[in-house]
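Enquirer: Got a structure for you, questions after.
2 protein chains.
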Amino acid sequence: MIKLNEHLASLPGSYLFAEVANRTKAYSDANPDKTLIKLGIGDVSLPLPKSSVLAMQKAAEEMGIKESFRGYGPYEGYDFLRQAISANEYIARDAVISADEIFISDGAKSDVANIGELFSIDCRVAVCDPVYPVYVDVNAMAGRNGSFLNGIWSKIIYMPCVPENKFVPELPKERADLIYLCYPNNPTGVAASFEGLKTWVDYANEHESIIIYDAAYRAYISDKNLPHSIYEIPGAKTCAIEIGSFSKNAGFTGTRCSYIVIPKELKRGGKSLYELWYRRQSSKYNGCSYIIQRGAEAIYSDKGKSEVSKLISYYMSNAKFISNSLKKAGLEVYGGVDSPYIWFKTVDGMSSWDFFDLLLKEANVVTTPGSGFGPSGEGFIRLTAFGDAEQSRIAVSRISEIL
Amino acid sequence: MIKLNEHLASLPGSYLFAEVANRTKAYSDANPDKTLIKLGIGDVSLPLPKSSVLAMQKAAEEMGIKESFRGYGPYEGYDFLRQAISANEYIARDAVISADEIFISDGAKSDVANIGELFSIDCRVAVCDPVYPVYVDVNAMAGRNGSFLNGIWSKIIYMPCVPENKFVPELPKERADLIYLCYPNNPTGVAASFEGLKTWVDYANEHESIIIYDAAYRAYISDKNLPHSIYEIPGAKTCAIEIGSFSKNAGFTGTRCSYIVIPKELKRGGKSLYELWYRRQSSKYNGCSYIIQRGAEAIYSDKGKSEVSKLISYYMSNAKFISNSLKKAGLEVYGGVDSPYIWFKTVDGMSSWDFFDLLLKEANVVTTPGSGFGPSGEGFIRLTAFGDAEQSRIAVSRISEIL
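Chains as they are written, first to last, in my numbering: chain A, 14 to 416; chain S, 14 to 416.
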């Protein structure tokens with residue numbers, strides 16, 4: 014009989030959001046008269062920018078006409094989008110990344126998941142704790158996991174991110190080969206400083222490790238002194254791969270477009286990682302839809318930029334209100350300033366799940382328990398600012414009332 | 014230093030199409046007055062069906078309105094498309110596949126490449142020879158390859174597909190765990206019979222192997238007695254995974270949409286392969302764009318079906334003309350009846366590359382040398398019927414003249 018990939022077949026179920034859904038449903042079924050407000054999931058609620066809609070409609074029209082029809086596109090993505098990303102996300106921020114260091118794909122999750130294929134299954138993975146579960150799961154599936162006990166894998170290095178270290182981890186005692194960093198962070202909502210990232214860039218260059226830098230939330234950075242890209246840190250081009258997304262700035266969660274940056278000078282074992290990624294992508298992927306790439310390009314037009322800026326303002330006004338209100342109510346609150354996530358401590362030392370239950374039953378608000386993101390998330394709760402403004406305000410006033 | 018995935022890092026370059034491009038460019042540069050006609054690459058040339066264009070424009074509009082906006086979609090794809098595929102590709106052909114056995118993705122290449130992750134890296138892979146290079150490359154990257162000599166990998170089982178066995182391989186002497194079959198076939202252009210597939214389904218059930226059945230070209234089958242799906246063969250639901258595409262029927266090569274079927278009763282080691290795939294996809298992929306899924310759904314409307322049928326007729330009229338003309342010119346020709354590919358023998362025992370050069374230089378037609386698809390392709394040439402009708406006719410008359 015054919016054998017299964019045991020790393021995948023033995024992977025524990027994805028417990029967090031399933032358990033949130035179960036508890037929510039059980040409460041809802043037992044209390045049909047209560048109206049729940051959901052601030053748990055990181056999906057956006059506002060529609061796409063009009064510029065993107067119009068660009069995609071025009072691109073679809075082109076595809077219906079023989080003279081302007083396009084078949085297979087370039088594996089790396091169309092140059093019009095790669096150029097727009099280079100100019101607006103990098104050159105404009107003094108990070109020297111050219112169009113030919115950028116690959117377009119259908120989503121940051123795909124890139125986060127697939128980039129590991131460039132490296133040996135023996136390499137040691139380091140993640141922040143708490144962490145976006147995908148970084149851990151995809152490495153577990155690849156066999157970089159070891160044994161699973163108390164919610165953590167024996168071979169993966171979990172690096173606590175807590176108020177004491179401003180949610181930027183200390184360098185690990187064990188050698189880390191493949192290091193996942195995400196700033197502004199999901200779930201803690203905190204952005205990294207220039208100095209915080211420099212420590213990591215220096216470490217990675219010294220140890221010839223690789224940093225996978227997930228910048229999906231960078232459009233939410235409000236403090237102009239904070240780095241938007243790891244390539245603003247000197248030395249990052251020889252140790253870091255950066256992933257960007259259109260999901261959280263332009264509302265592309267259901268439209269699907271993202272990009273990954275692999276600098277030309279980034280090499281390991283004498284091999285260009287850009288070329289290895291090209292080989293991987295050209296063998297396993299046929300590129301992101303032309304129509305969608307035109308939709309992404311449009312957010313860099315003047316009109317598109319102004320529309321995206323309004324989307325961000327809307328969510329950040331939610332974030333500010335949530336964060337300030339919870340502080341006023343006496344909670345210890347992080348995030349919500351340079352990110353759409355609000356991360357706060359439970360009261361009276363309650364566990365994340367106990368506090369989740371309390372908020373569900375007493376305030377009728379659905380949240381995400383911090384312990385679901387890793388052991389160091391215990392005692393915290395995550396809220397998102399991606400909801401409707403009015404609903405978010407009602408949710409927060411309900412939470413404040415029961416405290 | 015972080016170690017690379019040596020299976021990827023040591024993979025030989027993708028020689029075939031690069032070499033075709035090199036020789037074509039060299040000839041073109043030296044002979045700027047000659048007009049080349051390209052019948053080498055399997056990309057389509059006609060525009061998308063109007064139904065798809067309109068559906069995508071409407072979907073884009075919905076995404077720009079708060080009330081109809083959609084964020085993250087279901088990992089398996091939207092039910093409207095899964096239902097349409099079940100009804101039209103399966104139930105209509107007496108293959109009992111329900112919507113909840115179908116996963117939507119961004120392309121058959123992605124599914125072909127990723128499905129291997131469900132299985133151990135120890136399993137033995139069997140492919141047809143000649144073969145679509147992706148089946149081999151993705152397994153080589155995963156470490157199922159062994160050593161590379163004379164264009165073949167020591168651990169991969171290559172099964173000759175030649176005129177003598179009607180291009181359907183005989184059962185291998187060594188045990189095969191993961192078997193890739195593609196019918197109508199790329200590159201040989203031949204469709205499989207019911208009996209030909211039954212042999213393989215019986216083998217796979219007996220040995221508890223898995224067949225990956227690539228049905229990307231099934232819309233081109235003209236003989237009503239030939240199976241369009243492996244699930245028309247009794248027993249296939251306990252041994253086969255099927256991959257379908259919208260690229261070659263509806264012209265989605267640059268639009269990107271496909272599907273994979275994993276029957277609910279398909280299990281190995283007591284595990285449901287559907288559930289393993291769900292776990293893989295939900296951890297590594299966030300689904301195909303809502304807009305694109307609406308475009309794919311539209312090809313199953315009455316108007317869409319009629320438009321797709323016109324596209325197929327156009328290409329098949331090319332195929333018929335190419336095939337008949339080359340036969341009249343005295344060549345030994347296969348394919349072109351139930352597939353858009355024409356596969357013919359070179360003359361006077363010439364090698365594929367020598368004949369490629371002759372056609373390039375004397376007829377100014379770019380083809381694909383059969384040996385690039387594997388050792389049993391030596392002495393053959395592949396042409397595609399996806400080009401412009403007028404250009405295809407000129408190309409064939411030029412070829413006929415030099416023979």
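Ideal Cβ positions, reconstructed from N, Cα and C, are used throughout, including at glycine.
At a CB-CB cut-off below 7 Å, which residues of chain A make contact with S/S222?
Expert: Walking along the second sequence from the start, residue 222 of chain S turns up at place 209. Residues of chain A passing the Cβ test: I15.
Enquirer: Mind reading off the beta-carbon distance from A/M76 to A/G308? Whole number of angstroms is fine, and I expect it under 8 Å.
Expert: For the purposes of this step, residue 76 of chain A is taken as residue 63 along the first sequence, with counting starting at 1. For the purposes of this step, residue 308 of chain A is taken as residue 295 along the first sequence, with counting starting at 1. About 13 Å separates the two Cβ atoms, so there is no contact after all.
Enquirer: S/I355 by DSSP, collapsed to three states: which one?
Expert: Within the second sequence, residue 355 of chain S is the residue found at index 342, counting from 1. If DSSP states are grouped into helix, strand and coil, S/I355 belongs with the strands.
Enquirer: Using DSSP with H/G/I as helix, E/B as strand and the rest coil, what is A/R95?
Expert: Translated into the one-based positions of the first sequence, residue 95 of chain A becomes position 82. Helix, per DSSP.
Enquirer: Terminal residues of the continuous beta strand (DSSP E) containing S/P173?
Expert: One-based indexing of the second sequence puts residue 173 of chain S at position 160. S/P173 -> beta strand (DSSP E) spans 170 to 173.
Enquirer: Taking C-beta to C-beta, are A/M13 and A/H20 nearer than 8 Å?
Expert: A question about residue 13 of chain A goes unanswered here, because the residues of chain A that appear run from 14 up to 416.
Enquirer: Mind checking S/E130: buried by the 16 CB within 10 Å criterion, or exposed?
Expert: Residue 130 of chain S sits at position 117 when you count from the first residue of the second sequence. With a threshold of 16 other beta carbon atoms within 10 Å, S/E130 meets it and is buried.
Enquirer: Checking contacts by CB at 8 Å: is A/C136 closer than that to chain S?
Expert: In the first sequence, counting from the first residue as 1, residue 136 of chain A sits at position 123. It does; some Cβ of chain S falls within 8 Å.
Enquirer: Run the CB neighbour count on A/S415, radius 10 Å, all protein chains shown included, and call it buried at 16 or more, exposed below.
Expert: Along the first sequence, read from residue 1 onward, the residue named residue 415 of chain A stands at position 402. A small correction: the amino acid at residue 415 of chain A is Ile; Ser does not occupy that position in the sequence shown. Classification for A/I415: exposed.
Enquirer: Quick check for students: name the residue ranges of the beta strand (DSSP E) that lie wholly in the stretch 124 to 178 of chain A, counting only runs of 3 or more.
Expert: Within the stretch 124 to 178 of chain A, the complete beta strand (DSSP E) runs of at least 3 residues are 138 to 142, 170 to 173.
Enquirer: Do you know whose CA, among S/D401, S/I412, S/R406, S/I407, lies nearest S/V9's CA?
Expert: With chain S covering 14 to 416 only, the question about residue 9 of chain S has no answer from this structure.
Enquirer: For S/V66, go through chain A and note every residue whose CB falls closer than 8 Å to its CB, in chain order.
Expert: Along the second sequence, one-based indexing puts residue 66 of chain S at 53. Going along chain A in sequence order, the residues near S/V66 (Cβ under 8 Å) are A73, E74, M76, G77.
Enquirer: Roughly how many angstroms separate the alpha carbons of S/D46 and S/E320, rounded to a whole number?
Expert: The residue given as residue 46 of chain S occupies position 33 in the second sequence. The residue given as residue 320 of chain S occupies position 307 in the second sequence. Going by the C-alpha atoms only, they are around 38 Å apart.
Enquirer: Suppose the cutoff is 8 Å on Cβ atoms and the five residues either side in sequence are ignored; what does the same chain contact list for A/Y327 look like?
Expert: As a working note, residue 327 of chain A is residue 314 in the first sequence. Same-chain partners within the cutoff: L59, A402.
Enquirer: Roughly how many angstroms lie between the CA atoms of S/S296 and A/L396, to the nearest whole one?
Expert: Taking the first residue of the second sequence as position 1, residue 296 of chain S is located at position 283. Taking the first residue of the first sequence as position 1, residue 396 of chain A is located at position 383. So the two alpha carbons sit approximately 22 Å from each other.
Enquirer: Starting from A/I50, follow its DSSP beta bridges and name the residues at the other end.
Expert: As a first step, residue 50 of chain A must be located in the first sequence, where it is residue number 37. When DSSP reads this structure, A/I50 sits in a beta bridge with A/V378.
Enquirer: Please state whether the Cβ-Cβ distance between S/A435 and S/Y244 is less than 8 Å.
Expert: Outside the displayed range of chain S (14 to 416) lies residue 435 of chain S, so it cannot be described from this structure.
Enquirer: What are the residues that DSSP puts in a beta bridge with S/T397?
Expert: Here the question's residue 397 of chain S lines up with position 384 in the second sequence. Answer is S/Y354, bridged to S/T397.
Enquirer: Could you check if S/E80 is buried or exposed, using at least 16 other CB atoms within 10 Å of its CB as the buried criterion?
Expert: Counted from its first residue, the second sequence places residue 80 of chain S at position 67. Exposed, since its Cβ has fewer than 16 Cβ neighbours within 10 Å.
Enquirer: Closer than 7 Å, Cβ to any Cβ of chain A: which residues of the stretch 302 to 326 of chain S, in chain order?
Expert: S302, Y303, I304, I305
Enquirer: Ignore the nearest five residues each way along the sequence and tell me which others in S/D236's own chain have a CB closer than 8 Å to its CB.
Expert: Mapped onto the second sequence, residue 236 of chain S falls at position 223. Excluding positions up to five away in sequence, the list reads A204, V350, D351.
Enquirer: Anything in the stretch 262 to 276 of chain A with a Cβ closer than 7 Å to a Cβ of chain S? List those residues in chain order, please.
Expert: T266, G267, T268, R269
Enquirer: Go through its chain and collect everything with a Cβ distance to S/L94's Cβ below 7 Å, but skip five positions before and after it.
Expert: Counted from its first residue, the second sequence places residue 94 of chain S at position 81. Around S/L94: I117, Q306, A309, E310.
Enquirer: Measure the Cβ-Cβ separation of A/Y28 and A/T201 and say whether it is below 8 Å.
Expert: Mapped onto the first sequence, residue 28 of chain A falls at position 15. Mapped onto the first sequence, residue 201 of chain A falls at position 188. No; because the gap between Cβ atoms is not below 8 Å, this pair is not in contact.
Enquirer: Would a check of beta-carbon distances place S/R36 closer than 8 Å to chain A?
Expert: Numbered from its first residue, the second sequence carries residue 36 of chain S at position 23. No, no contact with chain A.
Enquirer: Would DSSP call A/I224 helix, strand or coil?
Expert: Locating residue 224 of chain A in the first sequence gives position 211, counting from the first residue. DSSP places A/I224 in strand when its eight states are reduced to three.
Enquirer: I'd like to check one pair, A/Y287 with A/K277: are the Cβ atoms closer than 8 Å?
Expert: Translated into the one-based positions of the first sequence, residue 277 of chain A becomes position 264. Translated into the one-based positions of the first sequence, residue 287 of chain A becomes position 274. Yes, these two residues count as a Cβ contact at 8 Å.
Enquirer: Can you pull the chain A neighbours of S/Q294, defined as C-beta to C-beta under 7 Å?
Expert: Here residue 294 of chain S is taken as the residue at index 281 of the second sequence, counted from 1. The premise fails here: S/Q294 is roughly 10 Å from chain A at the closest Cβ pair, so nothing lies under 7 Å.
Enquirer: Of all the beta strand (DSSP E) runs that stay within the bounds of the stretch 223 to 300 of chain A, which reach a length of 3 or more residues?
Expert: 223 to 227, 253 to 258, 271 to 274
Enquirer: Check for me: the alpha helix (DSSP H) holding S/S410 runs from which residue to which?
Expert: Here residue 410 of chain S corresponds to residue number 397 of the second sequence, with the count starting at 1. Its alpha helix (DSSP H) spans residues 402 to 415.
Enquirer: In this structure, what does DSSP give as the bridge partners for A/V346?
Expert: Your numbering for residue 346 of chain A matches position 333 in the first sequence. DSSP lists A/F357 as partners of A/V346.
Enquirer: Output the distance between the C-alpha atoms of A/S405 and S/C301, rounded to the nearest integer angstrom.
Expert: Here the question's residue 405 of chain A lines up with position 392 in the first sequence. Here the question's residue 301 of chain S lines up with position 288 in the second sequence. Spanning the two alpha carbons is a distance of roughly 29 Å.
Enquirer: With DSSP collapsed to three states, give me the class of A/F334.
Expert: On the first sequence, position 321 is the one that residue 334 of chain A refers to. Correct three-state label for A/F334: helix.
Enquirer: Would you decide whether S/T48 is buried or exposed? Buried here means 16 or more other CB atoms lie within 10 Å of its CB.
Expert: Within the second sequence, the letter at position 35 stands for residue 48 of chain S. By the 10 Å Cβ count, S/T48 comes out exposed.
Enquirer: Quick check: the stretch 173 to 192 of chain A against the stretch 119 to 138 of chain A, are at least 3 beta-carbon pairs closer than 8 Å?
Expert: yes
Enquirer: Please name the residue in A/S260, A/Q96, A/V149, A/L210 whose C-alpha comes closest to that of A/G26.
Expert: In the first sequence, residue 26 of chain A corresponds to position 13, counting from 1. Of the candidates A/S260, A/Q96, A/V149, A/L210, the one whose C-alpha sits nearest the C-alpha of A/G26 is A/V149.
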